[in-house]
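I have placed the structure first, in the form of structure tokens, so that the comments after it can refer back to it.
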Amino acid sequence: MDGRELADALGGEHRRSLRPGEHHRRLPRRREVHLIPGLGKHRLERLQPEHLERLYVRMMRDGKSAATAHQAHQTALNEAVRRGHLSRNPATLAKAPRLVDHEIEPFTVDEVQLLLKTALITRNGARWAVALALGLRQGEALGLKWSDVDLEAGTLVVRRARLRPRWQYGCGGTCGRRYGGQCPQRVAECTETAETKSRAGRRSVGLPDQLVALLRQHREAQDREREVAAQLWTDGDWLGATPTGAPINSRTDYTEWKRLLAAAGVRDARLHDARHTAATVLLILGVPERAVMGIMGWSHSAMAARYQHVTAHIQQDIAGRVGGLIWSRAE
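Using full-length UniProt numbering, the first residue of the sequence shown is number 1, and each one after it goes up by one.
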């Protein structure tokens, strides 16, 4: 058996183990980007750690994620050992590339205020207030429906996430278009929504009074758009929707985020940094770690540990300001 045959054999089993709609994102990428270039036509019994190490060097030189490839190889080859195709796993003997975490860069209070002020005059501005105040993941925010929100009780329930659309050719590739999404007969590869990433992801979150007021205004604005759209309106109950009621595409959402940053005059940042900001604020306020995990939908306490150096730095800055204010006046 060679590497490509192993990757194909594992595909069906891995697909059954993933949550609905998730395999379209993970399996093709792991197979084509990580497993095939590394294992490829290598006979498994002849595969050596050095083969993988040379692959990792090439990937790092090309700016690709060698650490992710190593994890994919280790998992696949562990399965090959379990099935009796190998007596040992070469990936466990190969020198593992270093996994580099993205630096957490939360927005400052001034930046958050600028973003919220700009969002007030932006269509679907409540979307960004939800991101900065509650720290929902992009898919979770786009997957919200009005039935998930209780404005009277001031709560919101995260139940699902919208998936990035993925398409395959409906014509068998004869249309001549470069991508499946451009095919006139395109066929969806995945469901529109899926359950949240984990059991911890399914959660109820309290809403600040200011956010409740914003959501009420947002609902009124959406009601006006429904009247204008008339028969063109698609009633999917989406909290964030297009002017005709359709759900918002993740790419469109990302583009709008970049426009918001530019309009507010705030530094360029990832959309996920809004989530980091919400988590940082909770930890600085002294909210117990378990409660923060529940609000953010974290499954492991190790996630909170990633923010320790950030919160410590901000707390020191606050202490310095307090000290400067008190002692300067005392003098």
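All residues carry an ideal CB built from backbone N, CA and C; glycine is no exception.
Predicted, not measured: the structure shown is a model, and the values here were computed from it.
Query raised in the report: Who pairs with Asp150 in a beta bridge, going by DSSP?
Result: Partner(s): Thr155.
Query raised in the report: Since Ala264 contacts Leu134 with CB under 8 Å, what's their CB separation in whole angstroms?
Result: Wrong, their Cβ atoms sit about 19 Å apart, outside the cutoff.
Query raised in the report: Are the segment 171-191 and the segment 110-125 touching by the rule of at least three beta carbon pairs closer than 8 Å?
Result: no
Requested in this report: Tell me whether Thr311 is buried or exposed, calling it buried when 16 or more other Cβ atoms sit within 10 Å of its Cβ.
Outcome: buried
Query - Minimum C-alpha distance to Leu239 - residue among Arg186, Val149, Asp268 - result: Val149
Report task. Just the C-alpha distance for Gln231 and Arg164, rounded to the nearest angstrom, thanks. Result -> 27 Å
Report task. Given a cut-off of 8 Å, decide if Leu271 and Tyr254 are closer than it, judged by their beta-carbon atoms. Result -> Yes, the pair counts as a contact, with Cβ atoms nearer than the cut-off.
**Report entry** Alpha carbon of Ala324 to alpha carbon of Ile314, nearest angstrom
**Finding:** In the sequence as displayed, the identity of residue 324 is Gly instead of Ala. Distance between the alpha carbons of Gly324 and Ile314: 15 Å.
Requested in this report: Would you mind giving the Cβ-Cβ distance between Thr196 and Arg159, rounded to the nearest angstrom? I have them listed as a contact below 8 Å.
Outcome: 7 Å
Report task. Could you have a look at Lys258 and say whether DSSP puts it in helix, strand or coil? Result -> helix
Query raised in the report: Which runs of the alpha helix (DSSP H), 4 residues or longer, sit entirely within the segment 67-128?
Result: 90-93, 109-119
Query raised in the report: Measuring CB to CB, does Leu52 end up less than 8 Å from Ala94?
Result: yes
Query raised in the report: To which residues of the same chain is Asn78 closer than 6 Å at the C-beta, ignoring the five residues directly before and after it?
Result: Non-local C-beta neighbours of Asn78 in its own chain, meaning closer than 6 Å and more than five positions away in sequence, comprise Asn89, ordered along the chain.
Query raised in the report: Looking at Ala279 and Val266, is the spacing between their C-beta atoms short of 8 Å?
Result: no
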